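Engineer:
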Amino acid sequence: MQFKQLMLVGIITTAGCVTVTDIPDNHPQAMADSRIDLGLGYLSQGNMNKARENLYRAARHAPDYARSQLALAHYLDQVGETEKARHVYLQARLDHPENGDVLNNFGTFLCKHGDYLSADTLFNQALQRPDYNQPAATLENAALCANKSGNQKQAIHYLDRSLNYDPSQATAWLALTRMQLAAGNTEDARNTLRGFSQRFGNPKAVQQLWLEVNAAWGRHKKTSAERRLLLK
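Pasting the structure below:
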């Protein structure tokens, strides 16, 4: 089943083309943001030494700043420093217990490392925050985590909710269709794929999925008809 990877929020680039030398020393968060943007850029390029240098500098500029903490924890996790990353996430949660980005990102970390129940708790805590602006991403994370833990019913529930918040995510529509099909919910799978088609058309890539859904739907209808005959 195709599905997006767990999504981090709150650490994407915000500072544009501002360089560190453009920022006065009395603006520690702005200086941290610039270092974070540089660090994450280097991380995406695979330059781990430069990423480390800039993300640790960001943490020194603003050690209690949630974005500094989340970026550093993400870097540490990427380079295999799992326990150090866990410590930074725990500190971020202690410093910012009601920050939805912290709750979501710590949840993605825990899910990645197999602590599905704790991850689910954090995702739901993020969703309960009235000022949290990434519910669709967190619900997709919760769905992926539930699916990894073997709880297919809960995964379907989360992914369905995610599409209510952001129906523009084509991959989520297709993932939900496949989940419903695997669970034997052929009518739901058919309706979901129909919803996808209404929004995105019928690209060649989903034609095989339509064949699978329609075949399952046909088997379902045949079985239902046979059961009705037996009951007569």
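Under UniProt numbering, think of the first position of the sequence shown as 1, with each following residue one higher.
Even glycine gets a Cβ: it sits at the ideal position worked out from N, Cα and C.
None of these values were measured; they are calculated from a predicted model.
1) Residue ranges of each alpha helix (DSSP H) run of no fewer than 4 residues wholly in the region 84-121, ordered along the chain?
2) Once the 5 residues before and after Ala119 are set aside, which same chain residues still bring their CB inside 6 Å of it?
3) Is Tyr104 near Ala126, with beta carbons less than 8 Å apart?
4) Helix, strand or coil, according to DSSP, for Met7 in the structure here?
5) Using the three-state DSSP reduction, which class does Arg129 fall into: helix, strand or coil?
6) Please return the same chain residues whose Cβ sits closer than 7 Å to the Cβ of Gln78, not counting the five positions on each side in sequence.
7) Determine the DSSP secondary structure at His27, reduced to helix, strand or coil.
8) Keeping to the same chain, check which residues put their C-beta closer than 7 Å to that of Glu140; ignore five residues upstream and five downstream.
9) If I measure Cβ to Cβ from residue 239 and keep anything under 6 Å in the same chain, skipping five residues before and after, which residues do I get?
10) Quick check on Ala183: does DSSP put it in helix, strand or coil?
11) Go to Asp77, then tell me how far its alpha helix (DSSP H) extends in each direction, as first and last residue.
12) Is Asn54 helix, strand or coil when you go by DSSP?
13) Given a cut-off of 8 Å on the beta-carbon distance, is the pair Ala32 and Ala58 in contact?
14) Name the two residues that bound the continuous alpha helix (DSSP H) containing Gln152.
15) Quick check on the DSSP output: the alpha helix (DSSP H) that includes Ala136 runs from which residue to which?
16) Considering only the beta carbon of each residue, do Ile156 and Leu174 sit closer than 8 Å?
17) With 16 as the cutoff for other CB atoms within 10 Å, does Gly100 come out buried or exposed?
18) When the Cα atoms are used, what is the spatial distance from His74 to Ser149?
19) Are the C-beta of Glu187 and some C-beta of chain E separated by less than 8 Å?
20) Determine the closest residue to Asn214 out of Gln198, Gly201, Phe200 and Arg178, with distance taken between C-alpha atoms.
21) Would you identify the three-state DSSP class for Asn202, choosing helix, strand or coil?
22) Using DSSP with H/G/I as helix, E/B as strand and the rest coil, what is Asn47?
23) Thinking just about the alpha-carbon of each residue, which of Ser197, Phe123, Tyr116 and Trp217 is nearest to the one in Val102?
24) Sort His27, Asn164, His220 and Ala62 by Cα distance to Glu187 and report the nearest one.
25) Taking Cβ positions, are Gln134 and Val9 nearer each other than 8 Å?
Structural biologist: Let me lay it out:
1) The region 84-121 contains these whole alpha helix (DSSP H) runs: 100-112.
2) Gly107, Leu110, Cys111 and Cys145
3) Here the sequence assigns Asn to residue 104, which means Tyr is not the residue at that position. In this structure, Asn104 sits near Ala126, with a CB-CB distance shorter than 8 Å.
4) coil
5) Of the three classes helix, strand and coil, the one that applies to Arg129 here is coil, per DSSP.
6) Leu43
7) coil
8) Lys4, Met7, Leu159, Ser162 and Ala172
9) Here the chain covers residues 1 to 232 and nothing more, so residue 239 does not appear.
10) coil
11) Per DSSP, Asp77 belongs to the alpha helix (DSSP H) from Ala66 to Gln78.
12) Of the three classes helix, strand and coil, the one that applies to Asn54 here is helix, per DSSP.
13) yes
14) Gln152 to Tyr165
15) Pro135 to Lys148
16) no
17) Flag for Gly100 reads buried.
18) 22 Å
19) Looking for chain E here will not work: only one protein chain is present.
20) Arg178
21) Of the three classes helix, strand and coil, the one that applies to Asn202 here is coil, per DSSP.
22) coil
23) Phe123
24) His220
25) The answer is yes: Cβ separation under 8 Å.
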